[in-house]
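Numbering (this note's numbering), first residue to last: 67 to 649.
Here it is as structure tokens:
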């Protein structure tokens, strides 16, 4: 009898076809939030190995699998039980199983004559494949390159793996200290190993033989090395099965229930008509951001006209004096040069990669290469985290606090501005203006869930660049309500959306709403939108995503304006300050 196990996880689909207990074929693909399309192609590949009239026992497992199993009328098997079944049937000498997946990790303790003790991580993604992927992104490498880097490491540094937010800070700190990518990669794998043991073993001895499974163990051998070192075990104490990433799928195939489907039925298993739950019937949806593509394009044209976007045209070298503004942020450096009329002549946006001084030096060099070495800089000003450093290092005329720089920039585009919301990669500033002066300022402290990195992280997890993710959001028909959860706990909400069959564009639009809800309700804690006034301006790279702008309009019931360079407004304000001196 043939059995098919399908493991639909948060980021991948694994399939294993068995004849009795022997593996006939396997397939492993990232689904990029499109399990239906990817699953159908994988199914065609798997079923090509058996005659079309063959009957199958089919079951589904995985963190995203339950919802699909219900709609497809296929049995569901909990993945920990599936993994345990493989060990009990095929590896009776195993005493501990350790499984690391995309966003979950599992540990099972087997007793010779007892019930297995099964443990899984909770809402924290520390110690999982997603944590490893995040580190690769920070280092600017592909995940499959981490193993080669870690092999060459010379030192291990402490990294907090309990939470992705804290680990990101630790890793960026190591990058700023010029620690090698090799050492950071190895330190991260060590942190993952320590997190898995501390979070799941919780004082219970991890006894050999130890069975290691999951994609990270299969594709990153150095992870196995670090885990065994943490456990004080040797290679002889562990088993690496031939089909390491497919263990839950194989266990699911073994446990496939009594229902039988012919291959004709199986070949159409993932077709859309089988997905009986319609998104229109879901209760967890929000109003669309735009009614149509024409609606969006009309809205954008109106904004560009109202806020004079056509005035932004880098000019030739025709002025006698120029004014320089530099915004040195935590992760990026922005540079803007204006002429005597305040028109923008040159802009530059680059990542610091842990070295603000070098980033500014390179940006200035690009400016001189473009405009010529003989241009006259009549005034200069810095702002941002690195304000004092760059002011001193490059002998700039002024330094100005970020909020004042953003205020000056907003007033340039909207003289009657009443409220300014600036959302960057990891920070947020809200400026309340009254009678042309700043009345109060609110800044986020510990939570980054309303910031740009919040969207970027999940866009990349789902296999999209931020710009593509933003375009999808503008045309979503049924934005999924993701609520106002923090970055760590949002993982489970996205899984729920995938289980319910939400499309990527609906999830993208849901993030746009979530960013604004986090800002309005968690950071600002607004009692009334009247506090914002009627002339709202938004700034920061996050607002290059027009769906976020529109979400703010829909949630507040007010028109929102933005200039042509929202990600450069701090540097632009600094340049205006340099031009006008102490305005």
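Virtual Cβ for every residue (Gly too), placed ideally from N, Cα, C.
Model, not experiment: these values are computed from the prediction.
Determine the closest residue to residue i out of the options, with distance taken between C-alpha atoms.
| i | options | result |
| --- | --- | --- |
| residue 322 | 487, 435, 610 and 87 | 87 |
| residue 660 | 146, 522, 487 and 528 | Because the chain spans 67 through 649 in this model, residue 660 falls outside it and cannot be assessed. |
| residue 278 | 307, 478 and 295 | 307 |
| residue 571 | 534, 609, 582 and 590 | 534 |
| residue 194 | 265, 619 and 473 | 265 |
| residue 138 | 473, 639, 117 and 335 | 335 |
| residue 546 | 597, 473 and 578 | 578 |
| residue 424 | 606, 244, 259 and 628 | 244 |
| residue 207 | 459, 541 and 246 | 246 |
| residue 299 | 309, 259 and 285 | 259 |
| residue 574 | 585, 599, 542 and 603 | 542 |
| residue 275 | 459, 607 and 163 | 163 |
| residue 418 | 238, 438, 583 and 285 | 238 |
| residue 328 | 387, 117 and 76 | 117 |
| residue 333 | 108, 477, 132 and 100 | 108 |
| residue 218 | 226, 157, 203 and 248 | 248 |
| residue 268 | 350, 184, 303 and 291 | 184 |
| residue 437 | 387, 460, 485 and 395 | 387 |
| residue 451 | 476, 410 and 400 | 400 |
| residue 613 | 580, 157 and 242 | 580 |
Any idea what DSSP makes of residue i, helix, strand or coil?
| i | result |
| --- | --- |
| residue 715 | Given a span of 67 to 649 for the chain in the structure shown, any question on residue 715 remains unanswerable. |
| residue 494 | strand |
| residue 187 | coil |
| residue 576 | helix |
| residue 271 | coil |
| residue 327 | strand |
| residue 167 | coil |
| residue 95 | strand |
| residue 450 | strand |
| residue 256 | helix |
| residue 542 | coil |
| residue 399 | strand |
| residue 591 | coil |
| residue 627 | strand |
| residue 405 | strand |
| residue 658 | Missing from the structure shown is residue 658; the chain here goes from 67 to 649 and no further. |
What number of angstroms, rounded off, separates the C-alpha of residue i from the C-alpha of residue j?
| i | j | result |
| --- | --- | --- |
| residue 205 | residue 250 | 8 Å |
| residue 506 | residue 593 | 16 Å |
| residue 402 | residue 305 | 58 Å |
| residue 93 | residue 111 | 8 Å |
| residue 448 | residue 481 | 23 Å |
| residue 470 | residue 271 | 57 Å |
| residue 288 | residue 576 | 37 Å |
| residue 295 | residue 213 | 16 Å |
| residue 134 | residue 364 | 38 Å |
| residue 199 | residue 405 | 44 Å |
| residue 221 | residue 253 | 8 Å |
| residue 175 | residue 70 | 26 Å |
| residue 515 | residue 80 | Low confidence applies here, because residue 515 scores a pLDDT of 49, under 50, leaving its location unreliable and the question unanswered by this model. |
| residue 524 | residue 430 | 33 Å |
| residue 145 | residue 606 | 42 Å |
| residue 456 | residue 433 | 16 Å |
| residue 500 | residue 361 | 33 Å |
| residue 599 | residue 624 | 9 Å |
| residue 529 | residue 100 | 10 Å |
| residue 75 | residue 261 | 21 Å |
| residue 538 | residue 182 | 45 Å |
| residue 97 | residue 309 | 19 Å |
| residue 397 | residue 622 | 30 Å |
Apart from the five residues on each side of it in sequence, which residues of its chain come closer than 6 Å, Cβ to Cβ, to residue i?
| i | result |
| --- | --- |
| residue 165 | 149, 172, 279 and 280 |
| residue 317 | 148, 149, 151 and 152 |
| residue 413 | 402 and 634 |
| residue 453 | 465 |
| residue 90 | 83 and 115 |
| residue 143 | 125, 127, 318 and 321 |
| residue 344 | Low per-residue confidence applies at residue 344: pLDDT is 42, beneath 50, and the placement is therefore not dependable enough to give any value. |
| residue 521 | 577 |
| residue 568 | 546 |
Enumerate in chain order the residues of its own chain whose CB-to-CB distance from residue i is below 7 Å, with the five nearest sequence positions on each side excluded.
| i | result |
| --- | --- |
| residue 609 | 489, 615, 628 and 632 |
| residue 67 | 86 and 123 |
| residue 640 | 391, 392, 393, 447, 448, 449, 466 and 471 |
Got a sec? Which residues, its chain only, sit under 8 Å from residue i by beta carbon, not counting five neighbours each side?
| i | result |
| --- | --- |
| residue 504 | 469, 470, 473, 497 and 498 |
| residue 590 | 496 and 508 |
| residue 201 | 212, 233, 237, 250, 251 and 254 |
For the structure I just gave you, are there three or more beta carbon pairs, one from the region 147-165 and one from the region 304-324, closer than 8 Å?
Yes, since at least three Cβ pairs between the region 147-165 and the region 304-324 fall closer than 8 Å, the two stretches touch.
Counting Cβ pairs, one atom from each stretch, are 3 or more of them under 8 Å apart for the region 626-645 and the region 459-477?
Yes, they touch.
For the region 363-375 against the region 441-459, are there 3 or more C-beta pairs whose distance is under 8 Å?
Short answer: they don't touch.
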